[in-house]
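Heads up: the protein sequence lines correspond to chains A and B, in order. According to this note's numbering, the residues represented by the first sequence are 11 to 227, in order. According to this note's numbering, the residues represented by the second sequence are 104 to 643, in order. Shown next, in structure tokens, is the structure this report addresses.
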Amino acid sequence: MSHDNSSPKFLQHHFHDVEQQYETAKLGMWAFILTEVLTFGGLFVAYVVYRSWYPEMFVGANLLLDVNKGLLNTIVLITSSLTMVLAVWAIQKKNQKLSLFMLIATFLFAFMFLGIKYLEYSHKFEVGQLPGEYYSYMGPEIAHLNNPHIFFSIYFIMTGLHGLHVAIGMGLIAWLIYATAKGNLNSEYYTPMEMIGIFWHLVDLIWIYLFPLFYLI
Amino acid sequence: MAENQKQNYLTHPKGIMSWLLTLDHKRIGLMYLFGGIIFFFLGGVLALGMRLELAAPGNDFVSNDTYNNMYTLHGAIMIFLFIIPAIPGALGNILLPLMLGAKDVAFPRLNLASFYIYTIGALFVMYTIISGGVDTGWTFYTPYSTTSTSNVIPMTMGIFVIGFSSILTGLNFIATIHKMRIPGLTWYKLPLFVWALYGTSLVQITATPVIAITMVLLILERLLGIGIFDPALGGDPVLYQHFFWFYSHPAVYIMILPAFGIISEIIPVHSRKKVWGYKFIAFSTLSIAFIGFLVWGHHMFTSGQSVFSQIVFSFITYFVGIPTGVKIFSWMLTMYKGQVSFTPPMLYALSFLFLFTIGGLTGIFLGAVALDIHLHDTYFVVAHFHYVMQGGTIIAFLGGLHHWWPKSMGTMYNQTVASICCLGVFLGFNGTFFPQFLLGLRGMPRRYATYDQQFAELHNYSSFWSGILGLSIFISIMNLLWSLRKNNKLDPGTNPWGGMTLEWTHTTSPPHPHNFEEEPVLEHGPYDYDKVIVEPTFKK
Chain A
11 MSHDNSSPKF LQHHFHDVEQ QYETAKLGMW AFILTEVLTF GGLFVAYVVY RSWYPEMFVG
71 ANLLLDVNKG LLNTIVLITS SLTMVLAVWA IQKKNQKLSL FMLIATFLFA FMFLGIKYLE
131 YSHKFEVGQL PGEYYSYMGP EIAHLNNPHI FFSIYFIMTG LHGLHVAIGM GLIAWLIYAT
191 AKGNLNSEYY TPMEMIGIFW HLVDLIWIYL FPLFYLI
Chain B
104 MAENQKQNYL THPKGIMSWL LTLDHKRIGL MYLFGGIIFF FLGGVLALGM RLELAAPGND
164 FVSNDTYNNM YTLHGAIMIF LFIIPAIPGA LGNILLPLML GAKDVAFPRL NLASFYIYTI
224 GALFVMYTII SGGVDTGWTF YTPYSTTSTS NVIPMTMGIF VIGFSSILTG LNFIATIHKM
284 RIPGLTWYKL PLFVWALYGT SLVQITATPV IAITMVLLIL ERLLGIGIFD PALGGDPVLY
344 QHFFWFYSHP AVYIMILPAF GIISEIIPVH SRKKVWGYKF IAFSTLSIAF IGFLVWGHHM
404 FTSGQSVFSQ IVFSFITYFV GIPTGVKIFS WMLTMYKGQV SFTPPMLYAL SFLFLFTIGG
464 LTGIFLGAVA LDIHLHDTYF VVAHFHYVMQ GGTIIAFLGG LHHWWPKSMG TMYNQTVASI
524 CCLGVFLGFN GTFFPQFLLG LRGMPRRYAT YDQQFAELHN YSSFWSGILG LSIFISIMNL
584 LWSLRKNNKL DPGTNPWGGM TLEWTHTTSP PHPHNFEEEP VLEHGPYDYD KVIVEPTFKK
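Shown next, in the form of structure tokens:
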């Protein structure tokens with residue numbers, strides 16, 4: 011390798027300096043965030059199309075969702091975004107212990123989010139509010155509605171894809187906890203923590219759109 | 104120094120694992136090239152099989168079901184496994200860091216990962232073929248694709264997976280172009296191939312996620328009957344077409360923009376003249392990338408659109424012709440009063456100008472609503488598409504391969520054979536596809552294994568020339584490979600065409616494992632043939 015021994019070991023050989031490496035990672039991450047927005051964008055379009063096709067059905071079917079659990083999950087996820095920011099702030103301030111604590115808190119909030127989601131899903135599975143052909147719920151409150159299975163198809167696909175992102179985020183945060191505890195991430199080099207932080211805020215942001223679209227309106 | 108000169112990325116380091124786990128963009132590019140050529144061959148064999156069946160009107164060789172499988176696989180393999188990854192994945196990977204003076208792309212591990220994701224996607228497609236194929240056509244239109252009993256799921260899974268490879272390559276290239284340039288290499292001093300890759304990458308990261316999610320919805324529609332695309336369950340099959348073309352029309356520009364980039368390199372170098380209208384070419388790339396997102400509806404004129412949307416989509420479609428025309432004229436003016444030499448890469452570039460112009464102009468025909476309703480789903484569309492994709496992209500790819508072969512492999516192919524093959528490709532291509540314009544105008548529908556007697560003569564003619572076309576491409580690839588034989592190495596300082604970009608002036612052929620012995624210092628612009636003299640050097 012052609013870089014000399016004085017450069018820090020986290021600097022990859024094809025970069026000039028730490029700043030270039032950091033700026034490149036940040037640009038790459040934002041480009042990735044753009045692809046995520048477009049992936050969910052397709053589903054948001056599907057939501058809008060079917061909402062305009064079946065406005066009454068959407069208004070009726072959303073009453074079947076549990077607003078309290080949805081609201082609790084919103085609070086949990088926003089709080090996890092806060093702890094994520096604090097983790098990055100702490101490591102910038104050379105407080106590795108606080109950073110580690112905040113990362114563990116973020117991980118636990120994410121776990122709590124998935125736990126609540128599990129309770130919601132399992133209730134829906136029990137009563138047959140399932141996507142597509144598997145839909146079987148025939149309660150009186152929606153008896154007059156057309157094609158309620160489409161609402162639940164879109165609900166499960168969007169929240170499911172979002173849940174998958176939460177699970178992936180948990181894996182990444184777990185790795186951050188490991189790397190911070192080992193001291194691989196420190197006040198001089200915390201790029202991965204900042205990047206995963208950006209990803210985590212995106213996950214949070216998507217939920218902030220999903221919650222009102224499915225639970226409130 | 105002498106020791107260093109012998110060291111190049113092909114021979115150092117050694118061993119099969121040093122290739123499979125390489126982070127070197129040049130080796131990853133070669134692996135893409137290898138994969139791409141294999142699928143090019145496979146897709147080509149399927150095409151020749153179809154032409155054989157179509158040589159005479161009846162069911163002569165294959166059943167209708169087999170024929171349906173053949174055209175589906177031909178389209179899907181050529182588009183998703185060859186054309187989309189070939190130029191950015193192979194030539195782009197090899198050349199981009201060299202052109203920027205960088206040691207590697209921004210994220211080398213991600214680069215290797217995208218190659219393996221491509222391989223996994225290719226395995227899904229292979230599985231589809233050996234388990235009985237798929238018969239929906241490469242567009243997978245619902246509701247047929249949700250009811251067909253053929254293997255739609257593995258095929259669309261494969262496309263979903265390959266999409267990620269495409270996204271990651273685009274993302275990597277964008278970060279590379281923004282952040283990995285050497286000091287002094289400003290945007291307007293970039294080679295135009297880099298601009299083309301930049302435009303392509305933007306489309307890759309913005310359009311591909313939409314096809315990925317569409318494929319997921321299609322798979323879920325088949326598995327769970329989610330009712331989004333299936334009209335029997337309250338869904339809308341036309342929504343599928345909107346989603347599909349929202350990606351697949353920009354994808355046409357993912358396929359053609361890199362080809363424009365190659366032509367923008369070949370023409371000034373082989374005309375020994377400064378490129379005419381550098382900024383015009385650069386910005387027309389970006390405007391094509393942008394307009395490409397606004398025209399998807401022109402694929403759906405017969406799918407039940409409102410007249411208003413038809414007019415709007417038709418109108419915006421015409422706009423694509425403007426930046427494209429700007430490019431064609433700029434290339435022609437670059438050649439004007441230049442010292443044009445008819446080398447194999449230049450012959451391909453000239454073929455491109457001729458064929459792509461026909462492809463582009465017939466695209467304007469199809470963008471007109473009234474004409475499109477007559478020509479929709481006929482051989483006119485088939486011919487137009489092949490004039491753009493094969494006459495455009497694949498011809499440019501072959502030209503680029505011949506242009507940068509001495510750079511990337513350090514050997515020179517037989518130029519006479521290459522030129523004759525180029526002529527064969529040009530004649531074979533026109534012989535195959537020009538009659539298809541006439542067939543389409545007379546009403547021959549696409550995707551049929553049999554046809555009416557009145558079309559027999561033109562079909563027969565088309566089939567005959569497709570043989571010449573296939574043979575010419577095959578020999579030209581063999582000619583390239585034959586140059587790799589022993590004791591055929593060029594002198595590492597060779598710059599056979601007198602190129603002025605960094606990959607020609609500042610590194611050896613084939614390049615050093617770390618691209619440059621030391622970081623290059625920019626001395627002149629990419630096409631300053633009016634200021635600096637770079638003589639072609641060709642030594643064994």
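For glycine and all other residues, C-beta sits at the position ideal for the given N, C-alpha and C. Since we're looking at a predicted model, the values are computed, not measured.
Just curious, the alpha helix (DSSP H) that Ser586 of chain B is in, first and last residue?
Here the question's residue 586 of chain B lines up with position 483 in the second sequence. Careful: Ser586 of chain B lies outside any alpha helix (DSSP H) and carries neither H nor E.
What are the residues that DSSP puts in a beta bridge with Thr640 of chain B?
Working through the second sequence from its first residue, we reach residue 640 of chain B at position 537. In the DSSP secondary-structure assignment, Thr640 of chain B is bridged to B:Asn598.
Inspect the beta-carbon positions of Val355 of chain B and Ile394 of chain B and report whether they are closer than 8 Å.
As a first step, residue 355 of chain B is located in the second sequence; it is residue number 252 there, counting from the start. As a first step, residue 394 of chain B is located in the second sequence; it is residue number 291 there, counting from the start. No, the Cβ-Cβ distance between Val355 of chain B and Ile394 of chain B is not below 8 Å.
By the three-class DSSP mapping on this structure, what secondary structure does Lys592 of chain B have?
Here residue 592 of chain B refers to the residue found at position 489 of the second sequence. If DSSP states are grouped into helix, strand and coil, Lys592 of chain B belongs with the strands.
What's the gap between the Cα of Leu195 of chain A and the Cα of Ile218 of chain A?
For this step, residue 195 of chain A is matched to residue 185 along the first sequence. For this step, residue 218 of chain A is matched to residue 208 along the first sequence. Whole-angstrom Cα-Cα distance: 30 Å.
Beta-carbon proximity check, Ile187 of chain A vs Phe117 of chain A, cutoff 8 Å:
In the first sequence, the residue the question calls residue 187 of chain A occupies position 177. In the first sequence, the residue the question calls residue 117 of chain A occupies position 107. Closer than 8 Å, so yes.
Three-state secondary structure (DSSP) at Asn162 of chain B?
For the purposes of this step, residue 162 of chain B is identified with residue 59 of the second sequence, where counting begins at 1. Looking at Asn162 of chain B - three-state DSSP - the assignment turns out to be coil, as it is neither helix nor strand.
Would you list the residues sitting across from His615 of chain B in a DSSP beta bridge?
Here residue 615 of chain B corresponds to residue number 512 of the second sequence, with the count starting at 1. Paired residues: B:Asn618.
Selection from B:Asp555, B:Thr481, B:Val491 that minimises the alpha carbon distance to Asn162 of chain B
For the purposes of this step, residue 162 of chain B is identified with residue 59 of the second sequence, where counting begins at 1. Considering only alpha carbons, the answer is B:Asp555.
Per the DSSP calculation, Thr514 of chain B is bridged to which residue(s)?
Stepping through the second sequence from its first residue, residue 514 of chain B is reached at position 411. Note: Thr514 of chain B sits in a beta bridge opposite B:Lys592.
Name the residues in the stretch 40 to 60 of chain A whose C-beta lies less than 9 Å from a C-beta of chain B; which are they?
Ala41, Phe42, Leu44, Thr45, Glu46, Val47, Leu48, Thr49, Phe50, Gly51, Gly52, Leu53, Val55, Ala56, Val59, Tyr60
Assuming His281 of chain B and Trp348 of chain B form a contact by the criterion Cβ under 8 Å, report the distance between their Cβ atoms to the nearest whole angstrom.
Numbered from its first residue, the second sequence carries residue 281 of chain B at position 178. Numbered from its first residue, the second sequence carries residue 348 of chain B at position 245. Actually they are not in contact, since the Cβ atoms of His281 of chain B and Trp348 of chain B sit about 30 Å apart, beyond 8 Å.
Looking at the structure shown, is Thr252 of chain B part of a helix, part of a strand, or coil, going by DSSP?
Mapped onto the second sequence, residue 252 of chain B falls at position 149. Coil, per DSSP.
Between Phe532 of chain B and the rest of its own chain, which residues show a CB-CB distance below 7 Å, the 5 nearest in sequence each way excluded?
As a working note, residue 532 of chain B is residue 429 in the second sequence. Only Leu458, Gln493, Gly494, Leu572 meet the Cβ criterion.
For Thr496 of chain B and Ala471 of chain B, the rounded distance between their alpha carbons:
Counted from its first residue, the second sequence places residue 471 of chain B at position 368. Counted from its first residue, the second sequence places residue 496 of chain B at position 393. Distance between the alpha carbons of Ala471 of chain B and Thr496 of chain B: 24 Å.
Measuring alpha carbon to alpha carbon, tell me which of B:Pro613, B:Thr604, B:Glu622, B:Ser586 ends up nearest Gly596 of chain B.
What you label residue 596 of chain B is simply residue 493 of the second sequence in a count that begins at 1. Answer by Cα proximity: B:Pro613.
Pairwise C-alpha distance: Asn618 of chain B and His13 of chain A
Within the first sequence, numbered from 1, the residue matching residue 13 of chain A stands at position 3. Within the second sequence, numbered from 1, the residue matching residue 618 of chain B stands at position 515. Because His13 of chain A sits at a pLDDT of 45, beneath the cut-off of 50, its placement in the model cannot be relied upon, and the following sentence gives the value as read from the coordinates. Cα to Cα, the separation comes out at about 14 Å.
What does the alpha-carbon distance come out to for the pair Ile668 of chain B and His489 of chain B?
In the structure as shown, chain B starts at 104 and stops at 643, and residue 668 of chain B therefore has no counterpart that could be examined.
When DSSP labels each residue in this structure, what does Thr553 of chain B get in the three-state scheme?
For the purposes of this step, residue 553 of chain B is identified with residue 450 of the second sequence, where counting begins at 1. Coil.
Roughly how many angstroms lie between the CA atoms of Asp214 of chain A and Trp379 of chain B, to the nearest whole one?
Here residue 214 of chain A refers to the residue found at position 204 of the first sequence. Here residue 379 of chain B refers to the residue found at position 276 of the second sequence. Cα-Cα distance, rounded: 49 Å.
Please classify Pro202 of chain A: does DSSP put it in a helix, a strand, or coil?
Numbered from its first residue, the first sequence carries residue 202 of chain A at position 192. It is helical.
Does the beta carbon of Gly142 of chain A sit closer than 8 Å to a beta carbon anywhere in chain B?
Looking up residue 142 of chain A in the first sequence gives position 132. Yes, because at least one Cβ of chain B sits closer than 8 Å to the Cβ of Gly142 of chain A.
Alpha-carbon to alpha-carbon, Glu136 of chain A and Ile365 of chain B:
Numbered from its first residue, the second sequence carries residue 365 of chain B at position 262. Numbered from its first residue, the first sequence carries residue 136 of chain A at position 126. Cα-Cα distance, rounded: 59 Å.
Mind checking which residues open and close the alpha helix (DSSP H) that includes Asp645 of chain B?
Here chain B has residues from 104 to 643 only, and residue 645 of chain B is not among them.
Name the one or two DSSP bridge partners that Pro548 of chain B has.
One-based indexing of the second sequence puts residue 548 of chain B at position 445. DSSP output for Pro548 of chain B lists B:Thr481 as bridge partner(s).
Where Ile308 of chain B meets chain A, residues with beta-carbon distance less than 9 Å:
Counted from its first residue, the second sequence places residue 308 of chain B at position 205. Those are Ala41, Phe42, Leu44, Thr45, Leu48, listed as they occur along chain A.
Got a sec: is the Cβ-Cβ distance from Ala559 of chain B to anything in chain A below 8 Å?
Taking the first residue of the second sequence as position 1, residue 559 of chain B is located at position 456. Ala559 of chain B does not count as touching chain A.
Does the distance from the C-beta atom of Gly207 of chain A to that of Val98 of chain A stay below 8 Å?
Against the first sequence, residue 207 of chain A aligns to sequence position 197. Against the first sequence, residue 98 of chain A aligns to sequence position 88. Taking 8 Å as the Cβ cut-off, Gly207 of chain A and Val98 of chain A qualify as a contacting pair.
Candidates B:Ala559, B:Leu541, B:Thr514: which alpha carbon is nearest Asp594 of chain B's?
Here residue 594 of chain B corresponds to residue number 491 of the second sequence, with the count starting at 1. Relative to Asp594 of chain B, the option among B:Ala559, B:Leu541, B:Thr514 whose CA is nearest is B:Thr514.
In this structure, does DSSP put Thr692 of chain B in helix, strand or coil?
Outside the modelled stretch of chain B, which goes from 104 to 643, sits residue 692 of chain B, for which no answer is possible.
Between the stretch 449 to 461 of chain B and chain A, which residues of the former have a C-beta closer than 7 Å to a C-beta of the latter?
Correct list: empty, as no residue qualifies.
Leaving aside the five residues before and after Asn156 of chain A along the sequence, list all residues of the same chain whose C-beta is less than 7 Å from its C-beta, in chain order.
The residue labelled residue 156 of chain A in the question sits at position 146 within the first sequence. Tyr64, Met67, listed in sequence order.
Which residues of chain A have a Cβ atom closer than 7 Å to the Cβ of Leu201 of chain B, listed in chain order?
As a working mapping, residue 201 of chain B is identified with position 98 in the second sequence. Going along chain A, no residue has its Cβ under 7 Å from Leu201 of chain B, so there is no contact; the nearest lies around 13 Å.
CA nearest to the CA of Leu321 of chain B, picked from B:Pro246, B:Pro286, B:Ala385:
Numbered from 1 along the second sequence, position 218 holds the residue referred to as residue 321 of chain B. Among B:Pro246, B:Pro286, B:Ala385, the Cα nearest to that of Leu321 of chain B is on B:Pro246.
Is Val313 of chain B closer than 8 Å to Tyr350 of chain B when the C-beta atoms are compared?
Translated into the one-based positions of the second sequence, residue 350 of chain B becomes position 247. Translated into the one-based positions of the second sequence, residue 313 of chain B becomes position 210. Yes. Within cutoff.
Which full runs of the alpha helix (DSSP H) of 4+ residues lie inside the stretch 73 to 129 of chain A, going along the chain?
77 to 102
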